[in-house]
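*Asks:* Encoded as structure tokens, here's the structure I'll be asking about.
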Amino acid sequence: EPEVTQTPSHQVTQMGQEVILRCVPISNHLYFYWYRQILGQKVEFLVSFYNNEISEKSEIFDDQFSVERPDGSNFTLKIRSTKLEDSAMYFCASSTYGAQYFGPGTRLLVL
Amino acid sequence: KNEVEQSPQNLTAQEGEFITINCSYSVGISALHWLQQHPGGGIVSLFMLSSGKKKHGRLIATINIQEKHSSLHITASHPRDSAVYICAVPPLGETSGSRLTFGEGTQLTVNP
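Chains A and B supply the protein sequences, listed in that same order.
Numbering-wise (my numbering), the first sequence opens with residue 28 and increments by one.
Numbering-wise (my numbering), the second sequence opens with residue 17 and increments by one.
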């Protein structure tokens, strides 16, 4: 069964460093999303992407964040200058016209 | 903004018991998602439903759009069902391509 994959599974970085989280959505899906979950809190929407552009973003998704679909398969989330409060599990998801399928997540720890 | 409330927050059951998890939301929607989050953190989509009832194996999801309420039932629960169960909703009038607003989740523990 096709699935969403994410790399790396874990990332530790120093505050102020740039990180890139990578996702490979399901191949025939049209919509792509990033969510995050801070430890002990609920999952929060960051951004959605359709037709090679951002379709919606939350108030969390400020200028430090960017997304890209550099080729036909990868979907990346970049955090330009990480802060301690960016430590969280980041989930990529993709969908066609129904359920969203989630990747296994990248656990980001900012020290 | 849609407020999504789940109950109970925590649920402990004995193997074989029938489980019910509830979800209510404040603003009308077109569809609702039930998700399962494993202890390792991964999220699996269980159901997306717009009306009535859906069944998959021992899992049953029901929704009452007018009452803004959904339930997830697990029949003959098993220790491997232990996980966090989350309901999530898109904005009113949208079913695809939209942000989901998540509930806090219900931590289910099934003891052998």
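Idealized CB from N, CA, C, for every residue including glycine.
Looking at chain B, which residues of the segment 62 to 73 of chain A have a Cβ within less than 7 Å of any of its Cβ atoms?
*Replies:* Within the segment 62 to 73 of chain A, the residues whose Cβ lies closer than 7 Å to some Cβ of chain B are K69, V70 and F72, listed in chain order.
*Asks:* Quick one: what's got a C-beta closer than 7 Å to Q91(A)'s C-beta in the same chain, skipping five residues either side?
*Replies:* Closer than 7 Å at the Cβ level, and outside the excluded window around Q91(A), lie I106, R107 and S108.
*Asks:* Using a Cβ-Cβ cut-off of 8 Å, state whether E19(B) counts as contacting chain A.
*Replies:* No, E19(B) does not count as interfacial toward chain A.
*Asks:* Tell me, please, whether the CB atom of G43(A) is closer than 8 Å to any CB atom in chain B?
*Replies:* No - not a single Cβ of chain B is within 8 Å of the one on G43(A).
*Asks:* Any beta-carbon of chain B closer than 8 Å to the one on E28(A)?
*Replies:* Taking Cβ atoms only, chain B never reaches closer than 8 Å to E28(A), which makes this a no.
*Asks:* State the Cα-Cα distance for the pair Y60(A) and L88(B), rounded to the nearest angstrom.
*Replies:* Answer to the nearest angstrom: the Cα atoms are 25 Å apart.
*Asks:* Tell me the DSSP secondary structure of L124(B) in three-state form.
*Replies:* L124(B) falls in the strand class under three-state DSSP.
*Asks:* If we cut at 8 Å on Cβ distances, does R134(A) have a partner in chain B?
*Replies:* Answer yes: the Cβ-Cβ gap between R134(A) and chain B drops below 8 Å somewhere.
*Asks:* Counting Cβ pairs, one atom from each stretch, are 3 or more of them under 8 Å apart for the segment 71 to 87 of chain B and the segment 39 to 55 of chain B?
*Replies:* They touch, by the three-pair rule.
*Asks:* On the three-state DSSP scale, how would you describe R96(B)?
*Replies:* In this structure, R96(B) counts as helix in the three-state DSSP scheme.
*Asks:* Kindly give me the distance between the Cβ atoms of V70(A) and F118(A), rounded to whole angstroms, as I take these residues to be in contact under 8 Å.
*Replies:* The Cβ separation is near 7 Å, so the contact holds.
*Asks:* Ignoring anything shorter than 3 residues, give me the beta strand (DSSP E) runs that lie fully in the segment 46 to 133 of chain A, in order along the chain.
*Replies:* Counting whole runs of 3 or more residues, the segment 46 to 133 of chain A contains the beta strand (DSSP E) stretches 46 to 51, 58 to 64, 71 to 77, 80 to 84, 92 to 95, 102 to 106 and 115 to 122.
*Asks:* In the structure shown, what three-state DSSP assignment does S40(B) receive?
*Replies:* It is a strand residue.
*Asks:* Assuming N26(B) is part of the beta strand (DSSP E), what are its boundary residues?
*Replies:* N26(B) -> beta strand (DSSP E) spans N26 to Q30.
*Asks:* Is the Cβ-Cβ distance between F76(A) and R49(A) less than 8 Å?
*Replies:* No; because the gap between Cβ atoms is not below 8 Å, this pair is not in contact.
*Asks:* Could you check how far apart the C-beta atoms of N38(B) and S61(B) are, in whole angstroms? I think they sit under 8 Å.
*Replies:* Not quite, the Cβ-Cβ distance comes to about 19 Å (not below 8 Å), so this is no contact.
*Asks:* Taking Cβ positions, are Y194(A) and V31(A) nearer each other than 8 Å?
*Replies:* Look at the range of chain A in this structure, 28 to 138, and you will see that residue 194(A) is not part of it.
*Asks:* Determine the chain B residues that contact P140(A) at a beta-carbon separation under 7 Å, and present them in chain order.
*Replies:* Within the shown structure, residues of chain A are numbered from 28 to 138, placing residue 140(A) beyond reach of any answer.
*Asks:* According to DSSP, which residues form a beta bridge with L65(B)?
*Replies:* BP columns for L65(B) point to L48(B).
*Asks:* Please go through the same chain and pick out, in chain order, the residues whose beta-carbon is closer than 6 Å to the beta-carbon of F63(B), but skip the five residues on each side of it.
*Replies:* Cβ within range, chain order: W50, K70 and A77.
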